[in-house]
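A.B. asks: Protein sequences appear in the order of chains A and B.
As numbered in numbering that gives the first Met the number 0, residues 0 to 547 make up the first sequence, in order.
As numbered in numbering that gives the first Met the number 0, residues 0 to 547 make up the second sequence, in order.
Glycine is no exception: its CB is placed at the ideal position from the N, C-alpha and C atoms.
On a predicted model such as this, the values are computed, not experimentally measured, just so you know.
First, the structure itself, so that you have it in front of you.
2 protein chains.
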Amino acid sequence: MKVLIVGGVAGGASAAARLRRLDEKCEIVLLERGEYISFANCGLPYYVGEVIREKNKLVVQTPAAMKARFNIDIRTLNEVEFIDTAKKEVEITDLRTGRKYREKYDKLILSPGAAPIKPPVPGLDAANVFTLRNIPDTYTIKDFVDSRHPKRAVVIGGGFIGVELAENLAERGVKVTLVELANQILGPIDFEMAALVHQYLKEKGIELYLEDGLKSVSHTDKYSIVSLNSKEEIKTDMIVLGIGVTPENKLAKTADLELGERGAIKVNKALQTSNPDIYAVGDAIEVIDFVNGRPTHIPLAGPANKQGRIAANNICGLYEEYPGTQGTSVLKVFDYTVAATGNNEKTLKRFNIPYGKSFTHSLSHAGYYRGATPVSLKILFSPADGKILGAQAVGFQGIEKRIDVIATAIRAGMTVYDLEKLELSYAPPYSSAKDPVNMAGYVAANILKGDCRVIHWHEMNSLDQRASQVVDVRTPLEFGTGSVAGAVNIPIDDLRQRINEIPRDKDVIVYCQVGLRGYLAYRILVQNGYTKVRNLSGGYKTYSTAMG
Amino acid sequence: MKVLIVGGVAGGASAAARLRRLDEKCEIVLLERGEYISFANCGLPYYVGEVIREKNKLVVQTPAAMKARFNIDIRTLNEVEFIDTAKKEVEITDLRTGRKYREKYDKLILSPGAAPIKPPVPGLDAANVFTLRNIPDTYTIKDFVDSRHPKRAVVIGGGFIGVELAENLAERGVKVTLVELANQILGPIDFEMAALVHQYLKEKGIELYLEDGLKSVSHTDKYSIVSLNSKEEIKTDMIVLGIGVTPENKLAKTADLELGERGAIKVNKALQTSNPDIYAVGDAIEVIDFVNGRPTHIPLAGPANKQGRIAANNICGLYEEYPGTQGTSVLKVFDYTVAATGNNEKTLKRFNIPYGKSFTHSLSHAGYYRGATPVSLKILFSPADGKILGAQAVGFQGIEKRIDVIATAIRAGMTVYDLEKLELSYAPPYSSAKDPVNMAGYVAANILKGDCRVIHWHEMNSLDQRASQVVDVRTPLEFGTGSVAGAVNIPIDDLRQRINEIPRDKDVIVYCQVGLRGYLAYRILVQNGYTKVRNLSGGYKTYSTAMG
Ligand SMILES: Cc1cc2nc3c(=O)[nH]c(=O)nc-3n(C[C@H](O)[C@H](O)[C@H](O)COP(=O)(O)OP(=O)(O)OC[C@H]3O[C@@H](n4cnc5c(N)ncnc54)[C@H](O)[C@@H]3O)c2cc1C
Ligand SMILES: Cc1cc2nc3c(=O)[nH]c(=O)nc-3n(C[C@H](O)[C@H](O)[C@H](O)COP(=O)(O)OP(=O)(O)OC[C@H]3O[C@@H](n4cnc5c(N)ncnc54)[C@H](O)[C@@H]3O)c2cc1C
Ligand SMILES: CC(C)(COP(=O)(O)OP(=O)(O)OC[C@H]1O[C@@H](n2cnc3c(N)ncnc32)[C@H](O)[C@@H]1OP(=O)(O)O)[C@@H](O)C(=O)NCCC(=O)NCCS
Ligand SMILES: CC(C)(COP(=O)(O)OP(=O)(O)OC[C@H]1O[C@@H](n2cnc3c(N)ncnc32)[C@H](O)[C@@H]1OP(=O)(O)O)[C@@H](O)C(=O)NCCC(=O)NCCS
Numbered sequence: 000m001k002v003l004i005v006g007g008v009a010g011g012a013s014a015a016a017r018l019r020r021l022d023e024k025c026e027i028v029l030l031e032r033g034e035y036i037s038f039a040n041c042g043l044p045y046y047v048g049e050v051i052r053e054k055n056k057l058v059v060q061t062p063a064a065m066k067a068r069f070n071i072d073i074r075t076l077n078e079v080e081f082i083d084t085a086k087k088e089v090e091i092t093d094l095r096t097g098r099k100y101r102e103k104y105d106k107l108i109l110s111p112g113a114a115p116i117k118p119p120v121p122g123l124d125a126a127n128v129f130t131l132r133n134i135p136d137t138y139t140i141k142d143f144v145d146s147r148h149p150k151r152a153v154v155i156g157g158g159f160i161g162v163e164l165a166e167n168l169a170e171r172g173v174k175v176t177l178v179e180l181a182n183q184i185l186g187p188i189d190f191e192m193a194a195l196v197h198q199y200l201k202e203k204g205i206e207l208y209l210e211d212g213l214k215s216v217s218h219t220d221k222y223s224i225v226s227l228n229s230k231e232e233i234k235t236d237m238i239v240l241g242i243g244v245t246p247e248n249k250l251a252k253t254a255d256l257e258l259g260e261r262g263a264i265k266v267n268k269a270l271q272t273s274n275p276d277i278y279a280v281g282d283a284i285e286v287i288d289f290v291n292g293r294p295t296h297i298p299l300a301g302p303a304n305k306q307g308r309i310a311a312n313n314i315c316g317l318y319e320e321y322p323g324t325q326g327t328s329v330l331k332v333f334d335y336t337v338a339a340t341g342n343n344e345k346t347l348k349r350f351n352i353p354y355g356k357s358f359t360h361s362l363s364h365a366g367y368y369r370g371a372t373p374v375s376l377k378i379l380f381s382p383a384d385g386k387i388l389g390a391q392a393v394g395f396q397g398i399e400k401r402i403d404v405i406a407t408a409i410r411a412g413m414t415v416y417d418l419e420k421l422e423l424s425y426a427p428p429y430s431s432a433k434d435p436v437n438m439a440g441y442v443a444a445n446i447l448k449g450d451c452r453v454i455h456w457h458e459m460n461s462l463d464q465r466a467s468q469v470v471d472v473r474t475p476l477e478f479g480t481g482s483v484a485g486a487v488n489i490p491i492d493d494l495r496q497r498i499n500e501i502p503r504d505k506d507v508i509v510y511c512q513v514g515l516r517g518y519l520a521y522r523i524l525v526q527n528g529y530t531k532v533r534n535l536s537g538g539y540k541t542y543s544t545a546m547g
Numbered sequence: 000m001k002v003l004i005v006g007g008v009a010g011g012a013s014a015a016a017r018l019r020r021l022d023e024k025c026e027i028v029l030l031e032r033g034e035y036i037s038f039a040n041c042g043l044p045y046y047v048g049e050v051i052r053e054k055n056k057l058v059v060q061t062p063a064a065m066k067a068r069f070n071i072d073i074r075t076l077n078e079v080e081f082i083d084t085a086k087k088e089v090e091i092t093d094l095r096t097g098r099k100y101r102e103k104y105d106k107l108i109l110s111p112g113a114a115p116i117k118p119p120v121p122g123l124d125a126a127n128v129f130t131l132r133n134i135p136d137t138y139t140i141k142d143f144v145d146s147r148h149p150k151r152a153v154v155i156g157g158g159f160i161g162v163e164l165a166e167n168l169a170e171r172g173v174k175v176t177l178v179e180l181a182n183q184i185l186g187p188i189d190f191e192m193a194a195l196v197h198q199y200l201k202e203k204g205i206e207l208y209l210e211d212g213l214k215s216v217s218h219t220d221k222y223s224i225v226s227l228n229s230k231e232e233i234k235t236d237m238i239v240l241g242i243g244v245t246p247e248n249k250l251a252k253t254a255d256l257e258l259g260e261r262g263a264i265k266v267n268k269a270l271q272t273s274n275p276d277i278y279a280v281g282d283a284i285e286v287i288d289f290v291n292g293r294p295t296h297i298p299l300a301g302p303a304n305k306q307g308r309i310a311a312n313n314i315c316g317l318y319e320e321y322p323g324t325q326g327t328s329v330l331k332v333f334d335y336t337v338a339a340t341g342n343n344e345k346t347l348k349r350f351n352i353p354y355g356k357s358f359t360h361s362l363s364h365a366g367y368y369r370g371a372t373p374v375s376l377k378i379l380f381s382p383a384d385g386k387i388l389g390a391q392a393v394g395f396q397g398i399e400k401r402i403d404v405i406a407t408a409i410r411a412g413m414t415v416y417d418l419e420k421l422e423l424s425y426a427p428p429y430s431s432a433k434d435p436v437n438m439a440g441y442v443a444a445n446i447l448k449g450d451c452r453v454i455h456w457h458e459m460n461s462l463d464q465r466a467s468q469v470v471d472v473r474t475p476l477e478f479g480t481g482s483v484a485g486a487v488n489i490p491i492d493d494l495r496q497r498i499n500e501i502p503r504d505k506d507v508i509v510y511c512q513v514g515l516r517g518y519l520a521y522r523i524l525v526q527n528g529y530t531k532v533r534n535l536s537g538g539y540k541t542y543s544t545a546m547g
């Protein structure tokens, strides 16, 4: 059997290695148009920031090493131009010589990835405008920073790669401005969670322009000018585009393969394209969203590597289906961690999927043990049965741990009631006897069961002032540092004594800092005959961060 | 309704708080024989080590604060002596005055905990012999260290509390000797995993005596002498007993409640004792092992708190069953973390439950990103269907994250095939595209499917030397630093060329440092007609650590 693989990085190299393990005799040709295979895409921003200092660390396998270990015919600087499905051949250009030649296949695996989007905006073709996808891109940016010592950079797009570059440029002493068209950065999380990150980025000296888009770029001798839709003009020494990626489908089109979501290659559960001899994996393909079952495009390394392995299995007759992608992801933002899994609220809304939500800010570990910090956690769940639909977390510690646990729970089809019961490891340096995930389970289940009716931050503005009373149950000290307009302060520990100060005929909104004491107040009021009480979910923390 | 609660800490205080949230009108009396309620048992060792410095941090709730917030009648220094089930009354001694009185109950919750075991060994009743359970114990130890500046300590028992105390005493500059009767410390993990910790403790200057027991203690003016079964004598300035705990069942016996495993109170799924008006929770009860379904005793704070909540729910008519305990636990050992969930090999053996096992040492995060360290991970699974039975992990980083993920998988009844597919969060500072949990899934599944036959470290000694050939596929450099006796060195990348050096008629054992290259060698050999190949699971790392 002869298998050709197009693309020698995450999906392609994984498929090649697995093929060889399954079949010593198979002829495997890996075709890569770039100079490198098997490189650490995800590490590239950290090379710019000098967190990774050795060039060789960016490469997980060299062609020579991979050849030695896996006996694979590796051809870098060889671009596949065309697929001749009738003849089961591809046409290749050897980029070193310009020579064109053909290669036969029994099976073909496409793992060409996705390319950075370059918008049709004037002024982007300049030596100080960058995108970041591969090792040469990385060297170009790093060399620019090293030799030209830019003082200012504008990053266009607040996705993962944009934010990573913003951080790494800032670590090099560059003053960074981040421009984002939406009202928030980091699409995988929702607005109020991103608001925590906005706040933090500003603390770190990153300038943020939200709800503003790139209109044009112009260049002078000394600097460039980034003009935004808002008419704002930003002087800068360099510009990085991080506005997303688009599936590489040029080759697929030459084979008339069916395309789907955002032009990504359509595959079946076995990762076969519309041509059964051609498999496709990684950033180039459309996948099924594990949570909502709809086609989508989720370019991440974990799925790419796993898909590469599955394609190899299927080619070798070990049938395996790809179960879909849930989009579990994590990002370091200076000392912050942002992680998410499953669907966010924006996605659920878009597809009209009903959902409930909860916010908690439980401590990463026992409060009495040094260094505990809040885990701000949002859970999205089905109002019918409590099935977990998604989760997002932001904070300094233990963030990705909680998301990984919930990602596992989502895979298992668990509900928020199951989260209550999870038995997670506890000692004071690591967690609390009730882990933040358990706590989120309790809180979500209380909402679901109606044991605690909640109001969300974005609903606070539409309260009828005359028909409602907002009660802040924090201490006077906390109340003094900022509160919801119109709130009266009755500390939770005084509530039973002062309950008559709260009107019985009005909608009562209780809140505290994170929601816990508000919940206690809710329980006291409801059992004292108040019928129209709601607790502000996530408390003043979620509210004030989101309100800005 | 009137509910009496015996014990005011993890289980008791949690039950009280939950009861109040569910029922504002209920009369709740919390009876605690000690001076404190709601204290941080798990933090106590860190107060000795001065990681926690403020006394008030050890107390999560004071009686006054808990009264203010939850309106609970809290009686510290009140010991419950006797349960009169006929009258539904308990007899109480007010320890301040000696006064005895009775209190009626509709429902009674017992959360008396478990007491440190003090063996019947001569010489233990001395001012420099300690156990650690509560705040007064902690002050006693801390005061001794502060005022007497002991130079040497002997800790008897290598359980969690013993090891925590060993660490915290060492952090105070005390030279610590740890004595353990078994051949390993930390019972929840198996020998070869504990061997990693033995090695590390020695590096940290802790002296270890394994397979040796305490025989007697004698005291001179200047120091004490700990005599061991081996006749070894250790001079020391202080002695700490950490040989385990025994359920507090004295009170339960006065009510003739049924007892089970190790004298722990028997409860049904609703946490009712054999007397339906009496519930029991926490360290005092027998629980069902979630994995093997058998009764057991697992004294941990997470289960205690959760059980307290469930008992309260059931008393308030919100029926809920406790699903059993799986024993998820974690321990900090200096900069090491040790965590486990589910059954270990010793338990599976004891109950004759068939199992397979795998060892991996994948990196905590991408190797090219600074600070990655190995996650040594053992997975136990059912040979029938791959269902996960247990997992143990040791290392510097990301240890408890992986165990929490697997703990969640165990709750969901997942198999090692499911571990392969988990979509866990990946960016270079946090994980790899294939997380160590995925990798363990692949490795275990390969064993299960017969894609890689393995040999375990403890089977190496019984190899028939003449009928077998051990092949070390590491580099000559690695080989030079130590190898399995009789092994020949054929680096993996040379194996295809040098394959004829390996006899076809012998059992072939391949190994590398952690198992990965050994697996590649296995695949090459088997597909080249070798029929009797096995790969050393966990590689030379697991082997050499376990062999000592
Ligand atoms: C800067 C950066 C940071 C990232 N960080 C993370 C992260 O932290 N976590 C995460 O999960 N994901 C991250 N990703 C995404 C991750 O790298 C991708 O999801 C993954 O690499 C996709 O694998 P792939 O095989 O589909 O494509 P790629 O890894 O991009 O490989 C495709 C290869 O195919 C080659 N190719 C394309 N067309 C042809 C052709 N016609 N002929 C020959 N060769 C061709 C390309 O040159 C390319 O080398 C990051 C990506 C980037 C760029
Ligand atoms: C030093 C130490 C470290 C620990 N570290 C961890 C850890 O890191 N992780 C973990 O999960 N677990 C840990 N534990 C275990 C955890 O603390 C217990 O599992 C948990 O506290 C059990 O809760 P409980 O309510 O059953 O008992 P306890 O919390 O022990 O409370 C029982 C209370 O009942 C009182 N009492 C008993 N009998 C009577 C009576 N007749 N009348 C009145 N009062 C009575 C006792 O005085 C005691 O205060 C640790 C324990 C100790 C001692
Ligand atoms: C302090 C103590 C009395 C607290 O008990 P508790 O009130 O049940 O627990 P918490 O303070 O964690 O609060 C949990 C409750 O708040 C709710 N809650 C938590 N965060 C919330 C939020 N952000 N919004 C709304 N509700 C929230 C939970 O739903 C839960 O209520 P529920 O059980 O009615 O559903 C008890 O845990 C204790 O004594 N601990 C110390 C002893 C101990 O545990 N030792 C061993 C470990 S060191
Ligand atoms: C380097 C690369 C070629 C490796 O591919 P690979 O060989 O499939 O992956 P690994 O080196 O992780 O090895 C995994 C294999 O070793 C096995 N293995 C891992 N640890 C093992 C152990 N301790 N014992 C036995 N087997 C082990 C696994 O079972 C798996 O084999 P299988 O798929 O046949 O079951 C590929 O991952 C790559 O190119 N990566 C860089 C690009 C990239 O991923 N970029 C995006 C992220 S930055």
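#1: Determine the DSSP secondary structure at A:Gln60, reduced to helix, strand or coil.
#2: In its own chain, which residues sit with a C-beta less than 8 Å from the C-beta of B:Glu26, not counting the 5 before and 5 after it?
#3: Report the option in A:Gly341, A:Lys540, A:Val453, A:Val47 whose CA atom is closest to the CA atom of A:Ile508.
#4: Does the beta carbon of A:Asn313 sit closer than 8 Å to a beta carbon anywhere in chain B?
#5: Does the beta carbon of A:Arg293 come closer than 8 Å to any beta carbon on chain B?
#6: What are the residues in the segment 490–511 of chain B lying within 7 Å of chain A by C-beta distance?
#7: Against B:Ala411, what residues of chain A qualify as contacts under a CB-to-CB distance less than 9 Å, listed in chain order?
#8: Counting only runs that start and end within the segment 292–342 of chain A, where is the beta strand (DSSP E) found for 3 or more residues in a row?
#9: Per DSSP, B:Ile398 forms a beta bridge with which residues?
#10: Quick one: is B:Lys86 buried, meaning 16 or more other Cβ sit within 10 Å of its Cβ, or exposed?
#11: If we call anything under 8 Å between Cβ atoms a contact, is A:Arg19 one with A:Asn77?
#12: Here's a check: name, in chain order, each residue in its chain whose Cβ is nearer than 7 Å to the Cβ of A:His218, leaving out the five neighbours to either side.
#13: Does the Cβ of A:Leu515 lie closer than 7 Å to at least one heavy atom of ligand 3?
#14: Could you compute how far the alpha carbon of A:Leu535 sits from the alpha carbon of B:Leu317?
#15: Using a Cβ-based criterion (distance less than 7 Å to any ligand heavy atom), does A:Glu344 qualify as near ligand 1?
#16: Quick one: complete alpha helix (DSSP H) runs, 4+ long, within the segment 40–113 of chain B?
#17: Quick check: is the beta carbon of A:Cys25 nearer than 8 Å to any beta carbon in chain B?
#18: Does the beta-carbon distance from A:Val154 to A:Ser215 come in below 8 Å?
#19: By the criterion of Cβ-Cβ separation under 8 Å, what are the contact partners of A:Gln325 in chain B?
#20: Please classify A:Ala406 as buried or exposed, where buried requires at least 16 neighbouring CB atoms within 10 angstroms.
C.D. replies: According to the data block:
#1: For the purposes of this step, residue 60 of chain A is taken as residue 61 along the first sequence, with counting starting at 1. Residue state, collapsed to three classes: coil.
#2: To locate residue 26 of chain B, count along the second sequence from 1; it is residue 27. Hits under 8 Å: Met0, Lys1, Val2, Asp72.
#3: The residue given as residue 508 of chain A occupies position 509 in the first sequence. Residue A:Val453 is the option with its Cα nearest to A:Ile508.
#4: Here residue 313 of chain A refers to the residue found at position 314 of the first sequence. Chain B contact via Cβ: absent.
#5: In the first sequence, residue 293 of chain A corresponds to position 294, counting from 1. It does not: the Cβ of A:Arg293 has no partner Cβ on chain B nearer than 8 Å.
#6: Ile491, Asp492, Arg495
#7: Residue numbering aside, residue 411 of chain B sits at position 412 when the second sequence is read from its first letter. Thr407, Ala408, Arg410, Ala411, Gly412, Met413, Asp417, listed in chain order.
#8: 328–332, 335–341
#9: Counting from 1 along the second sequence, the entry for residue 398 of chain B is found at position 399. Answer is none; B:Ile398 lacks a bridge partner.
#10: On the second sequence, residue 86 of chain B is found 87 positions in, with the first residue counted as 1. It counts as exposed.
#11: If you number the first sequence from 1, residue 19 of chain A lands on position 20. If you number the first sequence from 1, residue 77 of chain A lands on position 78. No, the Cβ-Cβ distance between A:Arg19 and A:Asn77 is not below 8 Å.
#12: As a first step, residue 218 of chain A is located in the first sequence; it is residue number 219 there, counting from the start. Result list for A:His218: Gly122, Ala125, in chain order.
#13: Here residue 515 of chain A corresponds to residue number 516 of the first sequence, with the count starting at 1. It does: the Cβ of A:Leu515 is within 7 Å (strictly closer) of some heavy atom of ligand 3.
#14: Here residue 535 of chain A refers to the residue found at position 536 when the first sequence is read from its first residue. Here residue 317 of chain B refers to the residue found at position 318 when the second sequence is read from its first residue. Cα to Cα, A:Leu535 sits roughly 25 Å from B:Leu317.
#15: The residue you call residue 344 of chain A lines up with position 345 of the first sequence. No - ligand 1 has no heavy atom lying nearer than 7 Å to the Cβ of A:Glu344.
#16: 43–47, 62–69
#17: For the purposes of this step, residue 25 of chain A is identified with residue 26 of the first sequence, where counting begins at 1. Not an interface residue.
#18: Stepping through the first sequence from its first residue, residue 154 of chain A is reached at position 155. Stepping through the first sequence from its first residue, residue 215 of chain A is reached at position 216. No; because the gap between Cβ atoms is not below 8 Å, this pair is not in contact.
#19: By one-based count along the first sequence, residue 325 of chain A stands at place 326. In chain order: Glu422.
#20: Counted from its first residue, the first sequence places residue 406 of chain A at position 407. Answer is buried; the Cβ neighbour count reaches 16.
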